[in-house]
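2 protein chains.
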Amino acid sequence: MDDGVQHPTPDPVVEAVRQIRAHGERVTVARTAVLRVLADADEHLSADAIFAAVSRAAPGVHRTTIYRALDALERLDLVAFTRLRHDAATYHLAGHLVGGTHVLVRCRLCGTVSHAPGDLLDEVASRLAAEQGFALDPTAVALTGRCETCTKHVGPLDHTHVNKPPRHP
Amino acid sequence: MDDGVQHPTPDPVVEAVRQIRAHGERVTVARTAVLRVLADADEHLSADAIFAAVSRAAPGVHRTTIYRALDALERLDLVAFTRLRHDAATYHLAGHLVGGTHVLVRCRLCGTVSHAPGDLLDEVASRLAAEQGFALDPTAVALTGRCETCTKHVGPLDHTHVNKPPRHP
DNA sequence: CGTCCATATGCAACAGTGTCGCATCTGGCC
DNA sequence: GGCCAGATGCGACACTGTTGCATATGGACG
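The listed protein sequences correspond, in order, to chains Y and Z.
One point on numbering: in our numbering, the residue at position 158 of the first sequence is 158, and numbering is uninterrupted.
Each number in our numbering corresponds to the 1-based position in the second sequence with 1000 added.
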């Protein structure tokens, strides 16, 4: 293992598999299939979507196994997930496997999800590390609020009297 | 008693009710009960816990109504919720109703949830506002990562056999 | 105060997501 | 090849949140 040198991993799956082995966990077809699916799709996927994709590549893998594989991979810090509103969780490879990271930003009103630069939370991460020894994973964060459009449309939410439009549909 | 002077709202429920009316929405017993419960409990509550508490104060309110009330209140920016891991959503009054805010910080490995000061995300909020016009709600954010204790243990989880013990019975 | 209508609620059944127990199979190692 | 802890297949389950429809209620207006 040449962990001393920092070189870009050509295939995150290879690196992930190596880490699974390094931790004494088993490398199975289901787990590699999940990793491959997540690596190929560079967007966040629901467990159901992962199940569908894995079934295509390796038929016979059960739905439950997907969940268990995702759980195992998450404990190994190879996979993370976020929750937007009440929808299903969306999984993705951990940030340290894919280099580029981004932070999810969701508008509570219109539901639109956009991306913010990955370094957005760098200072927050530093502060958490210094004050609590907490290692933040920026890729697993979903920031909730109101997007520009909705803020303009609905109006400022401060306590200054909201101008109530007469009920006209 | 209430003039133009800006002073902290004594009762967030009163303020919330005022805003419901100001938006032309209806003030119902279910909605006020939900607000009251959330205001009394200064911690985050699951929908089920809210249902139980509301049932005590105003029996006869249906479970579905709790969800619909929470949904309506959320659209009015009076209530927000967070999702920790795969558990149920936990609801709370919007930050602007209750002066003090805090940010939830969760360790992915041990599951411990701690609080960070509410101003932790101030800079992030400013940046999002400036760059995207996005109004962040810091109280609706759950930061995921690894706590100090788990990081020191270096291993991903409890069964961390990084260096495998010789296995023979 | 009484009427009216949009909408909030009660009710029950449903949908989706994730979990559990147990028998069987497989990966890693001898 | 053979062994065994751990992973998987399978089914059934638990839980959270949603929907359609009939009815009750809020609040505005006369």
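By construction, the Cβ of each residue, glycine as well, lies at the ideal position given by its N, Cα and C atoms.
Just so you know, these numbers come straight off a predicted model, no measurement behind them.
Contact set between residue i and chain Y, taken where Cβ atoms lie within less than 7 Å
i	result
residue 1148 (chain Z)	132, 133, 134
Closer than 8 Å to chain Z by CB, residue i
i	result
residue 70 (chain Y)	no
residue 124 (chain Y)	yes
8 Å CB neighbourhood of residue i in its chain, flanking five on each side removed
i	result
residue 1036 (chain Z)	1013, 1057
residue 1134 (chain Z)	1128
residue 1022 (chain Z)	none
residue 1088 (chain Z)	1046, 1047, 1048
residue 1043 (chain Z)	1092
residue 1086 (chain Z)	none
residue 1038 (chain Z)	1045, 1050, 1079, 1091, 1092, 1093
residue 70 (chain Y)	34, 47, 50, 79, 81, 91
Any chain Y beta carbon closer than 8 Å to residue i
i	result
residue 1151 (chain Z)	yes
residue 1166 (chain Z)	Note that residue 1166 (chain Z) scores 31 on pLDDT, short of 50, meaning its location in the model is unreliable; the coordinates nonetheless yield the value given after this. For residue 1166 (chain Z), the answer is no, since every Cβ of chain Y falls outside 8 Å of its Cβ.
residue 1116 (chain Z)	yes
residue 1013 (chain Z)	no
residue 1120 (chain Z)	yes
residue 1169 (chain Z)	With a pLDDT of only 29 at residue 1169 (chain Z), under 50, the local geometry of the prediction cannot be trusted, and no value is derived from it.
residue 1161 (chain Z)	Confidence at residue 1161 (chain Z) is low in this model, with a pLDDT of 31, below 50, so its placement is unreliable and no value can be given for it.
residue 1003 (chain Z)	Note that residue 1003 (chain Z) scores 47 on pLDDT, short of 50, meaning its location in the model is unreliable and no value can be drawn from it.
residue 1154 (chain Z)	Low per-residue confidence applies at residue 1154 (chain Z): pLDDT is 47, beneath 50, and the placement is therefore not dependable, though the value from the model is reported in the following sentence. It does not; no Cβ of chain Y falls within 8 Å.
Neighbourhood of residue i by C-beta, 7 Å cutoff - its chain only, sequence neighbours within 5 removed
i	result
residue 1142 (chain Z)	1082, 1083, 1084, 1104, 1106
residue 19 (chain Y)	76, 78
residue 1147 (chain Z)	1107, 1110, 1112
residue 1061 (chain Z)	1030, 1033, 1054, 1055
residue 1016 (chain Z)	1035, 1078, 1097
residue 120 (chain Y)	103
residue 144 (chain Y)	106, 108
Chain-ordered chain Y contacts of residue i [CB-CB under 9 Å]
i	result
residue 1075 (chain Z)	108, 109
Spatial neighbours of residue i in its chain, beta-carbon cut-off 6 Å, leaving aside the 5 residues before and after
i	result
residue 29 (chain Y)	58
residue 1139 (chain Z)	1080, 1095, 1101
residue 1063 (chain Z)	1051
residue 1136 (chain Z)	1125, 1128
residue 116 (chain Y)	103, 105
residue 73 (chain Y)	79
Residue i beta carbon near the ligand SAM (any heavy atom closer than 7 Å)
i	result
residue 76 (chain Y)	The model on display carries no ligand, and the ligand SAM is accordingly not part of it.
Item to check | Residues of the region 128–145 of chain Y whose Cβ lies closer than 7 Å to any Cβ of chain Z, in chain order | outcome: 128, 132, 133, 134, 135, 136, 137, 140, 141, 143, 144, 145
**Request:** Could you run through the region 1020–1032 of chain Z and flag, in chain order, every residue whose CB is less than 9 Å away from some CB of chain Y?
**Result:** 1021, 1022, 1023, 1024
Check: Between the region 1097–1113 of chain Z and chain Y, which residues of the former have a C-beta closer than 8 Å to a C-beta of the latter?
Finding: Per Cβ criterion, the list reads 1105, 1107, 1108, 1109.
Original post:
Can you list, in chain order, the stretches of the beta strand (DSSP E) that have 3 or more residues and sit fully within the region 1067–1121 of chain Z?
Top reply: DSSP runs (the beta strand (DSSP E)) wholly in the region 1067–1121 of chain Z: 1079–1082, 1090–1093, 1102–1107, 1113–1117.
Next on the checklist: Tell me which residues of the region 83–97 of chain Y have at least one Cβ-Cβ distance to chain Z shorter than 8 Å, keeping chain order.
Outcome noted: 83, 86, 89
Against chain Y, which members of the region 1037–1071 of chain Z pass a CB distance test of less than 7 Å?
none
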